[in-house]
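Contents: one structure, followed by commentary.
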Amino acid sequence: MPSHNYFLSLKSNDSFVSFRQEAISLILRAQYSCNIDRYTTYLATNYMDRFVSRQEIPVCNPWVLRLLVIATISLASKMKEQHFSSSNFQREEGFIFDAPAIQRMELLILDALNWRMRSVTPLSFICFFISLFELKDPPLRQALKDRATNIIFQACNEIKLLEFKPSIIAVSALLMASHELFPLQFPSFETSILSCRHVNKENQLKCFNAMQEMVANETSDSIIETVSSSSTTTPMSVLDCHCERSSSSMAAIAVPEKREQRKRQKLNGFCSESNRVKISQIQPCG
């Protein structure tokens, strides 16, 4: 996870906030234009946050942001064994970096992260905490997992949640999902999960409240957008559309297992001491 100082920097520095928002926006555009799955873009965002929290960078230079985004997506794609064409993405976005520049930035990221590319994220804890729930029906367990996963994907945009550990975010997302899907069983779910000695109740409550606010804002914005998009919208059609969105958000997400050996092969060529670089050594193409 990013260092705690990163969260404090975002709270006190608007330029860091703008940098992060623009970077995430660019990563999400790559998701849709390059047909990359959400797990890959989520991992790219994680790499970006961890790198910026450890490495001082000139956030005022637009080309640094663009190169960082391309490099994090490229690394995440290699870890997830997904195809990513940096040249195609750059053409669509109207900028271009040559392959050596992208590779040097990848090396800089790898060095800053100590080559720890198997990130511990909230997604890593979902299955463990679901096992604490008294929910035996597989389809219901899958629905709970899918909704919690979607909430976690939403949460990567929320700066307030960077304060919390991945495990706390996972717990809060599961409780939020269970409150939406199984309100009658929510008290027993909450009791089960908060009885776990690994969960800090105070931090969990703060995280849950921040997440609840985030989900409420997202829901409100989506309904307003739906109303604004059609002059013939009726209250019933707004509710129908909202229900459709909620249902579609719970679709099953299947990710095949990846072989560690293939991941290492893709990154293996970077692993020499002579390849160490600094941002000052990287320049955009003219």
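All the letters of the sequence shown, read from the start, carry residue numbers 1 to 286 under full-length UniProt numbering. All C-beta atoms, glycine included, are put in the ideal place defined by N, C-alpha and C.
Would you mind reading off the limits of the alpha helix (DSSP H) that contains residue i?
{"i": "Ser178", "result": "Pro166 to Leu181"}
{"i": "Ile193", "result": "Phe186 to Leu194"}
If you measure between the beta carbons of residue i and residue j, is that distance less than 8 angstroms?
{"i": "Leu69", "j": "Tyr6", "result": "Sequence inspection shows Val at residue 69; the Leu mentioned does not correspond to that position. Result no, Cβ atoms of Val69 and Tyr6 do not sit closer than 8 angstroms."}
{"i": "Cys34", "j": "Ser87", "result": "no"}
{"i": "Met211", "j": "Ala143", "result": "no"}
{"i": "Leu10", "j": "Ile159", "result": "yes"}
{"i": "Ile109", "j": "Ala71", "result": "yes"}
{"i": "Leu205", "j": "Glu190", "result": "no"}
{"i": "Lys80", "j": "Thr121", "result": "no"}
{"i": "Ala177", "j": "Arg141", "result": "no"}
If we count the other Cβ atoms within 10 Å of its Cβ and call it buried at 16 or more, is residue i buried or exposed?
{"i": "Arg91", "result": "exposed"}
{"i": "Phe19", "result": "buried"}
{"i": "Ala30", "result": "buried"}
{"i": "Leu184", "result": "exposed"}
{"i": "Glu106", "result": "buried"}
{"i": "Gln265", "result": "Its pLDDT being 49, under 50, Gln265 is placed unreliably by the model, and nothing is read from it."}
{"i": "Ala216", "result": "exposed"}
{"i": "Asp14", "result": "exposed"}
{"i": "Ser195", "result": "exposed"}
{"i": "Lys78", "result": "buried"}
{"i": "Cys207", "result": "buried"}
I believe residue i touches residue j by the beta-carbon criterion, under 8 angstroms. Please report the beta-carbon distance rounded to the nearest angstrom.
{"i": "Ala44", "j": "Ile73", "result": "5 angstroms"}
{"i": "Ile193", "j": "Phe128", "result": "In fact, because the Cβ distance is near 10 angstroms, the residues do not count as touching under 8 angstroms."}
{"i": "Leu65", "j": "Glu22", "result": "6 angstroms"}
{"i": "Ser125", "j": "Pro166", "result": "Note on residue identity: the sequence assigns Phe, not Ser, to residue 125. With a Cβ gap of about 6 angstroms, Phe125 and Pro166 count as contacting."}
{"i": "Tyr47", "j": "Leu113", "result": "7 angstroms"}
{"i": "Gln103", "j": "Ile36", "result": "Their Cβ separation, rounded to whole angstroms, is 19 angstroms, which puts Gln103 and Ile36 out of contact at 8 angstroms."}
**Asked** Along the chain, which unbroken stretches of the alpha helix (DSSP H) at least 4 residues long are found entirely within the stretch 93-157?
**Response** 99-112, 126-130 and 138-155
Discussion item. Give the list of continuous alpha helix (DSSP H) stretches no shorter than 4 residues that lie fully inside the stretch 29-72.
Written reply: 38-54
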